[in-house]
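Note sheet for the following structure.
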Amino acid sequence: MGMLIVGIILYIRKKKLRNEGLRTKDCREEYPGEDGEDMELPLFDLTTIAKATNGFSNCNKLGEGGFGPVYKGTLIGGKEIAVKRLSKNSGQGTREFKTEVILIARLQHRNLVMLLGCCIQKDEKILIYEFMPNKSLDFYIFDQEGQKLLNWPKCFHIIGGVARGLLYLHQDSRLRIIHRDLKPSNILLDNNMNPKISDFGLAKTFGGDQSQANTNRVVGTYGYMSPEYAADGIFSMKSDVFSFGVILLEMLNRKKNRGFRHPDHDHNLLGHAWIRWIQDKPLELIDKTFCDSCNISEVVRCFHVGLLCVQRVPEDRPSMSSVVLMLSSDVALPPPKQPGFYTERSVRESPSRTLLCSENTFSTTLIEPR
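For the sequence shown, position 33 matches number 33 in UniProt numbering, and the numbering has no gaps at all.
This is how it looks when you write it as structure tokens:
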């Protein structure tokens, strides 16, 4: 009798998977993990994904990045998904696809976007994620309509969630992971405005005793890269901490670090923040739309933590475990020093590489724009 019940359950489960367009075969057979571990990531049929996205219709298109276009899809049962379709001529996208397939299904945290499966069929390579209905963080920081929807309590909630997600990547997951491209557009928001870090195509894993690495293939986004990474290709967990600090200061000021303009000086946002700090005028950095809803002590503390995260020397930056503690308690904070890359000129005059700046990206023969 027991075997009969088990058989019925297995039959129902397989039927449900077929109805949703999933196969029981592991998606990672194409890209096995280095340790040979079974990842158990479902494989979707191409016909199912095409139907879910109305034939990859432009009406379903959410955006496009270095990987390729992203579409909103709806499965037969009504489940909404986000579909990242690899551009066929994208060499960078192929590397990112392999990284995400090997890496991301091993990670489970409420502040990381969930990879539901993939599709490797014919010449198509597709990643299927949970759908985030509230767009990405950049909409709420930089868009005038989005800014109206983000009061201080929500902002502080998002800051804490991103910090906890990074802490998981750096310390609490099965792997030690450096994201390398943390920015507002890679932070998605669910129905309850919970932040979820996404886009792990450029991520790197570290061994148990490894503290940093270097590369001649510097990838990332101008304005969020740490000085040592942009200049010398050296990256570590402290590189992500720098990116987090930039995002934190951008959230407080609602302006982008790169391209920041002020009539009194030629500094970027980091330099402007430093000026306000040494003038003992931290509230002058804070966007006035926060005034009605903000907790002054929380805002000033976030400003302080943001400056600590963007210190020029990596060793002067806190770890993410310290950042989480700083944001959630009244622990004493050390005084910040002058931040790294605090003027546009300081970025362009990097000591060991010449950065050729354009409006949206920067590049050299060794640096790939995002």
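We put the beta carbon where it would ideally sit given N, CA and C, even for glycine.
Query: V323 to G55 span [Cα, whole Å]; Result: 44 angstroms
Query: Contact between the segment 319-339 and the segment 186-196 (3+ Cβ pairs under 8 angstroms); Result: no
Query: Residues of its chain near R258, where Cβ-Cβ distance is below 7 angstroms and the 5 sequence neighbours each way are ignored; Result: Y222, G223 and N268
Query: E145 versus A230 - alpha carbon distance; Result: 33 angstroms
Query: Whole beta strand (DSSP E) elements within the segment 46-87, 3-residue minimum; Result: 61-64, 69-74 and 80-85
Query: Pair within 8 angstroms by beta-carbon distance, E96 and G201; Result: yes
Query: Same chain, Cβ closer than 7 angstroms to G78, five either side skipped, listed in chain order; Result: none
Query: For D172 and S321, the rounded distance between their alpha carbons; Result: 10 angstroms
Query: Helix, strand or coil at I158 according to DSSP, with G and I counted as helix; Result: helix
Query: Rounded distance between the beta-carbons of I49 and I128, thought under 8 angstroms; Result: 7 angstroms
Query: Euclidean distance between Cα positions of H109 and Y168; Result: 7 angstroms
Query: Which residues DSSP lists as bridging A213, in chain order; Result: F235
Query: The segment 292-305 touching the segment 236-255, judged by at least three CB pairs closer than 8 angstroms; Result: yes
Query: 8 angstroms Cβ cutoff met for V113 and K196; Result: yes
Query: Which listed residue (I102, H157, P263 and G233) has its alpha carbon closest to that of A213; Result: G233
Query: Exposed unless 16 or more other CB atoms sit within 10 angstroms - verdict on D292; Result: exposed
Query: Environment of V218 [buried if 16+ CB atoms lie within 10 Å]; Result: buried
Query: Spatial distance of A203 from Q147 (CA atoms); Result: 30 angstroms
Query: Spatial neighbours of L107 in its chain, beta-carbon cut-off 7 angstroms, leaving aside the 5 residues before and after; Result: S173
Query: Member of A332, S328 and F242 whose CA lies at the smallest distance from the CA of G161; Result: S328
Query: Nonlocal neighbours in the same chain, by C-beta distance under 7 angstroms from G36, ignoring five residues either side; Result: Per-residue confidence for G36 stands at a pLDDT of 42, beneath the threshold of 50, marking its modelled position as unreliable; the derived number appears in the next sentence. Closer than 7 angstroms at the Cβ level, and outside the excluded window around G36, lies no residue.
Query: Reference E130, options L175, C155, G73 and C119, closest by Cα; Result: G73
Query: For P339, the three-state DSSP class (helix, strand or coil); Result: strand
Query: Cut-off 8 angstroms between Cβ atoms - residues of its own chain near L46, not counting five sequence neighbours on either side; Result: C119, Q121, K122, E124 and I126
Query: Neighbour-count burial assignment, Q311, 16 or more Cβ in a 10 Å radius; Result: buried
Query: Spatial neighbours of D38 in its chain, beta-carbon cut-off 6 angstroms, leaving aside the 5 residues before and after; Result: In this prediction, D38 has a pLDDT of 49, which is less than 50 and means its spatial position is unreliable; what the coordinates show is noted afterwards. The answer is none, since no qualifying residue turns up.
Query: Beta-bridge partners of K204, as assigned by DSSP; Result: I178
Query: Rounded straight-line distance, which links the Cα of N134 to that of F44; Result: 25 angstroms
Query: N- and C-terminal bounds of the alpha helix (DSSP H) containing Q147; Result: Q144 to Q147
Query: Proximity of H317 and V241 at Cβ, strictly below 8 angstroms; Result: First, the amino acid is wrong: residue 317 is Arg here, not His. Cβ atoms of R317 and V241: closer than 8 angstroms.
Query: Beta-carbon proximity of I158 to L182, cut-off 8 angstroms; Result: no
Query: Where S328 falls: helix, strand or coil (DSSP); Result: helix
Query: Run of the beta strand (DSSP E) containing F44, from where it starts to where it stops; Result: P42 to F44
Query: Minimum length 4: unbroken alpha helix (DSSP H) runs contained in the segment 237-290; Result: 237-253 and 269-278
Query: Cutoff 8 angstroms; reference L325; Cβ partners in own chain excluding five residues on either side; Result: V331
Query: Residue nearest to W152 in terms of C-alpha spacing, selected from E315, V299, L308 and P314; Result: V299
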